[in-house]
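S.K.: Numbered per full-length UniProt numbering, the sequence shown finishes at 445, counting up by one with no gaps.
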Amino acid sequence: DGNPLPVPENPIEVRQLAQNFNKLLNRLNVKILQEQQFVSDASHELRTPVAAIRGHATLLKRRWKEHPEIIDESLDYIDEESQRMKTMIEELLTISRGNHMEIENEKFDLSEYVARLITEIQPAIVQKIEVQLTENAIVNADKKAVRQVLIAFIENAGKYSPVEKNIVVKLKTSGDTLDLSVADEGQGIPNEEKEKIFERFYRIDKSRSSEIPGTGLGLSIAKQYAEMMGAWIFVSDNVPTGSIFHLVFHKES
Ligand code: ADP
């Protein structure tokens with residue numbers, strides 16, 4: 193008649209097992225819901241530029257003969273909106289690749305690396321980038337990921353601050369951490385938005401309604417990279433105005 197089922201010797205252990213199993217299931221559920229939400233948000237966000245492009249294409253088809261003056265404006269819209277869509281698709285691909293992305297941390301001197309990156313980035317940014325570095329800035333990090341985060345910070349500083357104000361990139365040691373920061377003198381970020389801006393598709397209303405182009409994905413990608421490297425990412429206030437974005441590493445000796 194076979195072996196009897198093993199009777200648990202310790203019922204508390206069984207309960208613990210069941211609880212752990214439940215926790216795992218819950219986490220899996222949350223993950224699936226988040227993925228569904230992401231796909232639905234992405235589709236929604238892509239619909240806007242597609243609708244604008246179709247609208248203008250239809251308008252052109254119907255009217256360009258009688259109203260040739262609309263041609264330039266409509267083509268500009270189509271150009272702009274398709275550019276926005278291209279950026280968004282590229283960023284969505286980065287996010288979905290990120291799930292399988294290999295982060296290879298290595299020890300290197302962040303100071304040297306940042307100096308080189310700034311030389312590379314400066315020509316694409318209108319504002320002057322001021323650099324303040326520190327010596328012995330050895331970190332265990334992934335160079336590609338650091339590059340992505342720094343570019344996201346600097347591009348935003350460029351977009352959201354006046355052209356005549358400098359952007360300051362600073363590397364500072366404090367205790368056993370290294371703080372790589374990008375400061376601007378723009379409008380700054382209200383306290384209640386400081387965490388939300390790192391969520392996917394989130395844009396502060398002001399940036400949405402203004403003419404500044406964007407997708408609300410840049411900082412969520414930066415956060416993903418930071419977490420994969422084991423670094424912290426956050427924003428603080430600049431004085432008297434503007435914001436400072438930080439990427440903080442453990443210092444290696
Ligand atoms: P995007 O710039 O494409 O909108 P991001 O994810 O890079 O998306 O940023 C999210 C939002 O955070 C922006 O829309 C903007 O409202 C705000 N933000 C980001 N960087 C800055 C900055 N340096 N100064 C002010 N607001 C910022």
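Virtual Cβ for every residue (Gly too), placed ideally from N, Cα, C.
With hydrogens ignored, establish whether the beta-carbon of Gln340 is closer than 7 Å to any heavy atom of the ligand ADP.
M.R.: No; taking the cut-off as 7 Å, the Cβ of Gln340 has no heavy atom of the ligand ADP nearer than that.
S.K.: Is Tyr352 a contact residue of the ligand ADP, with contact defined as CB to any heavy atom under 7 Å?
M.R.: Checking every heavy atom of the ligand ADP against the Cβ of Tyr352, one is found closer than 7 Å.
S.K.: Whole angstroms is fine: what's the gap from Met354's alpha carbon to Ile436's?
M.R.: The amino acid occupying residue 354 in the given sequence is Pro; Met does not appear at that position. Their Cα atoms are separated by approximately 15 Å.
S.K.: So for Thr433, helix, strand or coil by DSSP?
M.R.: Thr433: coil per DSSP, three-state reduction.
S.K.: Does the beta-carbon distance from Ile317 to Gly367 come in below 8 Å?
M.R.: No; because the gap between Cβ atoms is not below 8 Å, this pair is not in contact.
S.K.: Can you give me the Cβ contacts of Met277 inside the same chain, cut-off strictly under 6 Å, excluding the 5 residues immediately before and after it?
M.R.: Correct list, in chain order: Pro241.
S.K.: Going by DSSP in three states, Gln324 sits in which element: helix, strand or coil?
M.R.: In this structure, Gln324 counts as strand in the three-state DSSP scheme.
S.K.: To the nearest angstrom, how far is it from the Cα of Val361 to the Cα of Val341?
M.R.: So the two alpha carbons sit approximately 13 Å from each other.
S.K.: Helix, strand or coil, according to DSSP, for Glu384 in the structure here?
M.R.: Helix.
S.K.: Just reading off the alpha helix (DSSP H) that Ala349 is part of, what are its end residues?
M.R.: Run containing Ala349: 335 to 351, per the alpha helix (DSSP H) assignment.
S.K.: The beta strand (DSSP E) with Ile359 in it runs from where to where?
M.R.: Its beta strand (DSSP E) spans residues 359 to 366.
S.K.: Check the DSSP bridge columns for Ser445 and list the partner residues they point to.
M.R.: The partner list for Ser445 (beta bridge, DSSP) is empty, contrary to what the question assumes.
S.K.: In terms of residue numbering, what span does the beta strand (DSSP E) encompassing Lys299 cover?
M.R.: Segment 298 to 301, the beta strand (DSSP E) holding Lys299.
S.K.: Going along the chain, which residues of its own chain have a beta-carbon closer than 7 Å to the beta-carbon of Ser412, five neighbours each way excluded?
M.R.: Within the same chain, Ser412 has close Cβ partners Phe390, Glu391, Arg392.
S.K.: Using 8 Å for Cβ pairs, my map puts Val306 next to Ile346. What's the rounded Cβ distance?
M.R.: Contact flag wrong, Cβ pair sits at about 11 Å.
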